[in-house]
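Contents: one structure, followed by commentary.
Chains as they are written, first to last, in this note's numbering: chain A, 1 to 106; chain B, 107 to 590.
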């Protein structure tokens, strides 16, 4: 599904194609222009729906990040058997038997 | 005798009496798979050789008197749980070649109990979906009616059990992904209390919501399976160190002394009248069994979907950052600059819905939007939890529908992600509050599709859920009209 870009950029949208491109870059995703247009339209619908949360008075309400009241889980600092180098590398799409190979960065 | 149609507990008796063997049973299930899998498409990866070897080993263990709770029982596993040496894709192209070097804790526990692992079932990519239509390896069909979805995201697990392509299955539930496909396929599916079951080796979608649980042919099988996978695991820092009861001990026909709450918000506009009728009938059967009823209000239920579709994508955007084309999975070898390699590996490896949720989550967490979206959603989560606390001061269980309607037709909602998100409204709040929830069959629609009834309870009150589900199951005689 593609949608015309002029519709996407009309006024009152929650999100613009520029913002979608920016967020995609933060998320390390590459989107085609058609995908940017489609995503902008769909995100606008979703974000408009999510605005519903604005109806709630959340003054003084503590945010929940974990549903159960569990404190930090500590364990003894002991060595345990771990994956071997060979096992750890086995799924690497490019590796040399010692390390994962990545494009040169410096 | 059709071995593939039987429950775990029926098979345990046959195996114990020596009337069949795990090898015979596993061969029967593989023959069933050969007969129907072409129509159902429940599996992504089938391990025929491994299953037969495990079955032979189970028979040897049984002869030696080493009989685990699932000795020789053939199971399927949602493809989101790591299985050592057996490909695990999460329904995604980005993990097409991934062979885990270790077992998830739940898989380890099943193996220790003697189970036979047949293969890995279809799912919405990274568990993001409600119809199993977002899978890179095809859409599984509802065994009750092949034109309809089987639900999601544990759709392949549900389809494999409903089509008798395994005896039971493990799925995962982040916003309803066990209960909803169980409801759509006429099965029992339970999402345990957050922390009841280890998440070690479960490929993470939304870590504060994800939980593993079984999909089974009846309530007793669900109790057996949940008992087998529950328990504290030091490798999952969110697992809770609480003793695991014998859930089968809760399966008694009487239901006296318990109060069931009927949350009025779950019976609102948009609920299919046939679903409402089936659930109300279920409630009347529970009342006959001795339950008292009380009307309950959970006023913040309507904010659940909005909160979930901020919180879950936010967590996903962080969890899925690990798929970068370096350590495992797909890599675009044509890109020779690091950032370009990341972007193209991810963009080619992930499907549309996963990209959409990563972008929503990244947006919600990005500078300037955090307070408006993520913080607000996390505060709404608190209000939802407080609703439940008030409700469970008045009742032991909440009884409701699982889904607003029976399974929709394949493709019907393909272009409208928001309408799919809204179909999760009755299951999402359970996850936001970390509560246990079950779908148990309560009726069949005039179109011949199953309808489930949802039971929710307070943290670690799974036994109450099993009591109610068993009491209901004993009073209902639903004929499986799955014609395959």
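Every residue gets a Cβ at the ideal spot worked out from N, C-alpha and C, and that includes glycine.
message: Can you check which of these residues, B/450, B/442, B/423 and B/446, is closest to residue 436 of chain B by C-alpha distance?
response: Taking the second chain and counting its residues from 1, the one referred to as residue 436 of chain B is at position 330. Nearest C-alpha to residue 436 of chain B: B/450.
task: Evaluate the contact criterion for the segment 231–251 of chain B versus the segment 74–86 of chain A: three or more CB pairs, one atom per stretch, below 8 Å.
output: no
task: Closer than 6 Å by C-beta to residue 192 of chain B: which residues in its own chain qualify, once you throw out the five before and the five after it? Chain order, please.
output: Residue 192 of chain B sits at position 86 when you count from the first residue of the second chain. 153.
task: State the Cα-Cα distance for the pair residue 360 of chain B and residue 499 of chain B, rounded to the nearest angstrom.
output: For this step, residue 360 of chain B is matched to residue 254 along the second chain. For this step, residue 499 of chain B is matched to residue 393 along the second chain. Roughly 22 Å between the two C-alpha positions.
Cutoff 8 Å: residue 42 of chain A Cβ touching any chain B Cβ: The residue you call residue 42 of chain A lines up with position 42 of the first chain. At a cut-off of 8 Å between beta-carbon atoms, residue 42 of chain A makes contact with chain B.
task: Drop a sphere of 10 angstroms on the beta-carbon of residue 533 of chain B, count the other beta-carbons inside from all chains shown, and report buried for 16 or more, exposed for fewer.
output: In the second chain, counting from the first residue as 1, residue 533 of chain B sits at position 427. Looking at its Cβ environment, which holds 16 or more other Cβ atoms inside 10 Å, residue 533 of chain B is buried.
message: With distance defined between alpha-carbon atoms, name the residue in B/223, B/140, B/237 and B/128 nearest to residue 166 of chain B.
response: Stepping through the second chain from its first residue, residue 166 of chain B is reached at position 60. The candidate whose alpha carbon is nearest that of residue 166 of chain B is B/128.
- request: For residue 538 of chain B, verify whether its CB is less than 7 Å away from any heavy atom of the ligand ATP.
  value: Within the structure as shown, the ligand ATP is missing, as the structure has no ligands at all.
Closest Cα partner of residue 518 of chain B within the set B/317, B/577, B/172 and B/237: Your numbering for residue 518 of chain B matches position 412 in the second chain. For residue 518 of chain B, the nearest C-alpha among the options comes from B/237.
task: Please list the partners that residue 331 of chain B has in chain A, where partner means a Cβ-to-Cβ separation under 7 Å.
output: Here residue 331 of chain B corresponds to residue number 225 of the second chain, with the count starting at 1. Those do not exist, as residue 331 of chain B stays about 22 Å from chain A at its closest Cβ, beyond 7 Å.
query: Per DSSP, what kind of secondary structure is residue 516 of chain B in: helix, strand or coil?
result: In the second chain, counting from the first residue as 1, residue 516 of chain B sits at position 410. In the structure shown, residue 516 of chain B sits in coil (DSSP, three-state: anything other than H, G, I, E or B).
- prompt: residue 340 of chain B touches chain A at which residues, Cβ-Cβ below 7 Å?
  reply: Your numbering for residue 340 of chain B matches position 234 in the second chain. Here the neighbours are 75.
- prompt: To which residues of the same chain is residue 299 of chain B closer than 6 Å at the C-beta, ignoring the five residues directly before and after it?
  reply: What you label residue 299 of chain B is simply residue 193 of the second chain in a count that begins at 1. Once the five neighbours on either side are set aside, the close Cβ partners of residue 299 of chain B are 542, 565 and 566.
- prompt: Taking the C-alpha atoms as reference points, what is the distance between residue 4 of chain A and residue 447 of chain B?
  reply: Against the first chain, residue 4 of chain A aligns to sequence position 4. Against the second chain, residue 447 of chain B aligns to sequence position 341. Per-residue confidence for residue 4 of chain A stands at a pLDDT of 37, beneath the threshold of 50, marking its modelled position as unreliable; the derived number appears in the next sentence. So the alpha carbons of these two residues sit roughly 29 Å apart.
task: With DSSP collapsed to three states, give me the class of residue 7 of chain A.
output: On the first chain, position 7 is the one that residue 7 of chain A refers to. Here residue 7 of chain A scores only 40 on pLDDT, less than 50, and its place in the model is too uncertain to base an answer on.
message: Quick check for students: name the residue ranges of the beta strand (DSSP E) that lie wholly in the segment 358–384 of chain B, counting only runs of 3 or more.
response: 365–369
field: Interface flag, residue 5 of chain A vs chain B, CB-CB below 8 Å
entry: Within the first chain, numbered from 1, the residue matching residue 5 of chain A stands at position 5. Confidence is the limiting factor: at residue 5 of chain A the pLDDT is only 39, short of 50, which leaves the residue's position unreliable and the question unanswerable from this model.
- prompt: Hey, how far is the Cα of residue 13 of chain A from the Cα of residue 42 of chain A?
  reply: Position 13 of the first chain holds residue 13 of chain A. Position 42 of the first chain holds residue 42 of chain A. Answer to the nearest angstrom: the Cα atoms are 11 Å apart.
field: Spatial distance of residue 404 of chain B from residue 106 of chain A (CA atoms)
entry: Counting from 1 along the second chain, the entry for residue 404 of chain B is found at position 298. Counting from 1 along the first chain, the entry for residue 106 of chain A is found at position 106. Residue 404 of chain B and residue 106 of chain A: Cα-Cα distance of roughly 57 Å.
query: So which residues of chain B does residue 23 of chain A contact, with C-beta pairs closer than 8 Å?
result: On the first chain, residue 23 of chain A is found 23 positions in, with the first residue counted as 1. Those are 465, 468, 469 and 472, listed as they occur along chain B.
- prompt: Of all the CB atoms in chain B, is at least one closer than 8 Å to the CB of residue 45 of chain A?
  reply: Here residue 45 of chain A refers to the residue found at position 45 when the first chain is read from its first residue. Yes, because at least one Cβ of chain B sits closer than 8 Å to the Cβ of residue 45 of chain A.
- prompt: Of all Cβ atoms in chain B, is any one closer than 8 Å to the Cβ of residue 61 of chain A?
  reply: Against the first chain, residue 61 of chain A aligns to sequence position 61. By this cut-off, residue 61 of chain A is an interface position.
task: Check each residue of the segment 431–450 of chain B: if its Cβ is closer than 9 Å to any Cβ of chain A, include it; give the result in chain order.
output: 431, 432, 433, 434, 435, 436, 437, 439, 441, 442, 443, 444, 445, 446, 447, 448, 449 and 450
query: What do you get for residue 276 of chain B, buried or exposed, if any count of 16 or more other CB atoms within 10 angstroms of its CB means buried?
result: If you number the second chain from 1, residue 276 of chain B lands on position 170. That one is buried.
message: For residue 262 of chain B and residue 492 of chain B, what's the separation of their Cα atoms in angstroms?
response: Taking the first residue of the second chain as 1, we reach residue 262 of chain B at position 156. Taking the first residue of the second chain as 1, we reach residue 492 of chain B at position 386. So the alpha carbons of these two residues sit roughly 35 Å apart.
message: Residues in the same chain with beta-carbon distance under 6 Å from residue 102 of chain A, minus the five sequence neighbours each way, listed in chain order, please.
response: Counting from 1 along the first chain, the entry for residue 102 of chain A is found at position 102. Closer than 6 Å at Cβ, skipping near neighbours: no residue.
message: Taking the beta carbon of residue 114 of chain B as the centre, do at least 16 other beta carbons fall within 10 Å, making it buried, or is it exposed?
response: If you number the second chain from 1, residue 114 of chain B lands on position 8. When all chains shown are included, residue 114 of chain B counts as buried.
- prompt: Residue range of the alpha helix (DSSP H) that residue 157 of chain B falls in?
  reply: The residue you call residue 157 of chain B lines up with position 51 of the second chain. It spans 154–169 - the alpha helix (DSSP H) in which residue 157 of chain B sits, taken as one unbroken run.
message: To the nearest angstrom, how far is the alpha carbon of residue 475 of chain B from that of residue 18 of chain A?
response: Walking along the second chain from the start, residue 475 of chain B turns up at place 369. Walking along the first chain from the start, residue 18 of chain A turns up at place 18. In this structure, the alpha-carbon of residue 475 of chain B lies about 16 Å from that of residue 18 of chain A.
task: Using beta-carbon positions only, say whether residue 507 of chain B and residue 377 of chain B come within less than 8 Å of one another.
output: Taking the second chain and counting its residues from 1, the one referred to as residue 507 of chain B is at position 401. Taking the second chain and counting its residues from 1, the one referred to as residue 377 of chain B is at position 271. Yes, they are a contact pair.
Inter-residue Cα distance where the pair is residue 148 of chain B and residue 73 of chain A: Residue numbering aside, residue 148 of chain B sits at position 42 when the second chain is read from its first letter. Residue numbering aside, residue 73 of chain A sits at position 73 when the first chain is read from its first letter. When rounded, the distance between both Cα atoms is 38 Å.
- prompt: Is residue 504 of chain B near residue 319 of chain B, with beta carbons less than 8 Å apart?
  reply: Walking along the second chain from the start, residue 504 of chain B turns up at place 398. Walking along the second chain from the start, residue 319 of chain B turns up at place 213. No. Outside cutoff.
query: residue 507 of chain B by DSSP, collapsed to three states: which one?
result: As a first step, residue 507 of chain B must be located in the second chain, where it is residue number 401. Strand at residue 507 of chain B.
query: Who are the Cβ neighbours of residue 8 of chain A in its own chain at under 7 Å, not counting the five residues just before and after it?
result: One-based indexing of the first chain puts residue 8 of chain A at position 8. Bear in mind that the predicted position of residue 8 of chain A carries a pLDDT of just 40, short of 50, making it too unreliable to give a figure here.
field: Residues that residue 52 of chain A contacts on chain B, provided the C-beta gap is smaller than 7 Å
entry: Position 52 of the first chain, counted from the first residue, corresponds to residue 52 of chain A. What residue 52 of chain A touches in chain B: 409 and 412.
message: Nearest by alpha-carbon distance to residue 555 of chain B: which of B/568, B/561, B/514 and B/529 is it?
response: Residue mapping note: residue 555 of chain B aligns to position 449 of the second chain, counting from 1. Taking only the C-alpha atoms, the option nearest residue 555 of chain B is B/514.
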